[in-house]
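Just below is one structure, and these are the notes that go with it.
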Amino acid sequence: MFDQRILDCLVAPREPRGPGLCRAAAVNGYLSLAIVLPALAGCGTTSHFVEQPQLTIYGGQGDARQAVAQLFSSDAPYTVKLCEADPSSKQCEKDSESISATGVGGLFFPIVLNVHGARITKEHPSADGLAMTMAFESTADGIPPICASADGKVILRDNDTALLQASNFYCNWMAIGNVLVNAELSIDSADLRNKTFTGYYKLVFHGTGNVSGSGYYKATIAADTKATASRFEGTRDGSFR
Numbered sequence: 017m018f019d020q021r022i023l024d025c026l027v028a029p030r031e032p033r034g035p036g037l038c039r040a041a042a043v044n045g046y047l048s049l050a051i052v053l054p055a056l057a058g059c060g061t062t063s064h065f066v067e068q069p070q071l072t073i074y075g076g077q078g079d080a081r082q083a084v085a086q087l088f089s090s091d092a093p094y095t096v097k098l099c100e101a102d103p104s105s106k107q108c109e110k111d112s113e114s115i116s117a118t119g120v121g122g123l124f125f126p127i128v129l130n131v132h133g134a135r136i137t138k139e140h141p142s143a144d145g146l147a148m149t150m151a152f153e154s155t156a157d158g159i160p161p162i163c164a165s166a167d168g169k170v171i172l173r174d175n176d177t178a179l180l181q182a183s184n185f186y187c188n189w190m191a192i193g194n195v196l197v198n199a200e201l202s203i204d205s206a207d208l209r210n211k212t213f214t215g216y217y218k219l220v221f222h223g224t225g226n227v228s229g230s231g232y233y234k235a236t237i238a239a240d241t242k243a244t245a246s247r248f249e250g251t252r253d254g255s256f257r
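In structure tokens:
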């Protein structure tokens, strides 16, 4: 990170280094700090994430397992839209259409990651809750990434809490390179009638870029408009598929 000549000037001052050499080394060191410190200051934090909040159910009764079964009862494929939300009202913040994380990539240039939602293509019951195949809709500095499908799951615990998780799925951004992404969304409320849920999120990716972020979100489950449109696409003879 820092010029080795700085250390040479400090630990071996008796050797003939010359004032010009040490001055140049110091300047290079200060420039490195000037570049790195602002970039590090822009890194996000995961400190706002709450892993196991108490679950409140609206529009129905039962425990976390029953609520998750009703909440994710839509036929795949379907979408989950995300926004930053207010923990008190549990409503999306004004003009928010994603959750976000910040960090650095490449030569310490800042990155803003926005995750708009996910498309659930498959799901089935699992030992710890619900397993699903999902594809995230996101942008990094406005550039959509190329990502592999994620093996997601909804984890249901004995203490009646729930967590939506997608771990270590691969993405490639044109400006960043190869990264592994982890997303966690704890669930503190589920509105079964309106197909929405809220809670705390944590986003992290590592690789040639490093980004993290956390906060409070609202998620809305909806039919996949692309899949719906394809079902009613007209054929040449005027009939429908």
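In case it helps, this note's numbering puts the sequence shown at residues 17 to 257. Glycine residues also receive a C-beta, built at the ideal position from the N, C-alpha and C atoms.
Endpoints, the beta strand (DSSP E) within which residue i is located
i	result
A235	225-239
N188	178-189
E109	Note, E109: premise wrong, no beta strand (DSSP E); not H, not E.
I159	Where I159 is concerned, there is no enclosing beta strand (DSSP E), given that its DSSP letter is neither H nor E.
T72	72-74
T62	Note, T62: premise wrong, no beta strand (DSSP E); not H, not E.
Coil, strand or helix - residue i by DSSP
i	result
L201	strand
V128	strand
E67	coil
D260	What is shown of the chain runs 17 to 257, which leaves residue 260 out entirely.
S154	strand
A143	coil
F117	In the sequence as displayed, the identity of residue 117 is Ala instead of Phe. Three-state DSSP puts A117 in a strand.
L49	With a pLDDT of only 36 at L49, under the threshold of 50, the placement of this residue in the model should not be trusted, and no figure is reported.
R39	For R39, the predicted model reports a pLDDT of 48, less than 50, meaning its position is unreliable and no value from the coordinates is stated.
A55	Low confidence applies to A55: its pLDDT is 40, below 50, so where it sits in the model is not reliable enough to give any reading.
Run of the alpha helix (DSSP H) containing residue i, from where it starts to where it stops
i	result
A80	80-87
Counterpart residues of residue i in DSSP-defined beta bridges
i	result
K218	E200, S230
R209	In the DSSP output, where bridge partners are listed per residue, R209 has none listed.
T137	For T137, which the question treats as bridged, DSSP gives no partner whatsoever.
N194	N188
I101	According to the sequence displayed, residue 101 carries Ala and not Ile. According to DSSP, which records beta bridges pairwise, A101 is partnered with C108.
Neighbour-count burial assignment, residue i, 16 or more Cβ in a 10 Å radius
i	result
I203	buried
T214	buried
L146	buried
N130	buried
T212	buried
A143	exposed
S154	buried
A235	buried
K138	exposed
E113	exposed
A239	exposed
G231	buried
T241	exposed
L196	exposed
S63	exposed
I159	exposed
G225	buried
CB contact below 8 Å: residue i versus chain C
i	result
P69	Structure shown: chain C not included; a single protein chain is present.
Checklist entry - Does the stretch 67-81 come close enough to the stretch 90-101 to have 3 or more Cβ pairs within less than 8 Å? => result Judged by Cβ distances under 8 Å, the stretch 67-81 makes no contact with the stretch 90-101, as fewer than three pairs qualify.
Next on the checklist: Within 8 Å, do at least three Cβ pairs link the stretch 188-200 to the stretch 73-89?
Outcome noted: The stretch 73-89 is not in contact with the stretch 188-200.
Item to check | Contact the stretch 107-120 vs the stretch 160-172: 3+ CB pairs below 8 Å | outcome: Contact between the stretch 107-120 and the stretch 160-172 is absent, with fewer than three C-beta pairs closer than 8 Å.
Checklist entry - Is the stretch 150-157 close to the stretch 170-177, with three or more CB pairs under 8 Å? => result No: the two stretches stay apart, fewer than three of their Cβ pairs being nearer than 8 Å.
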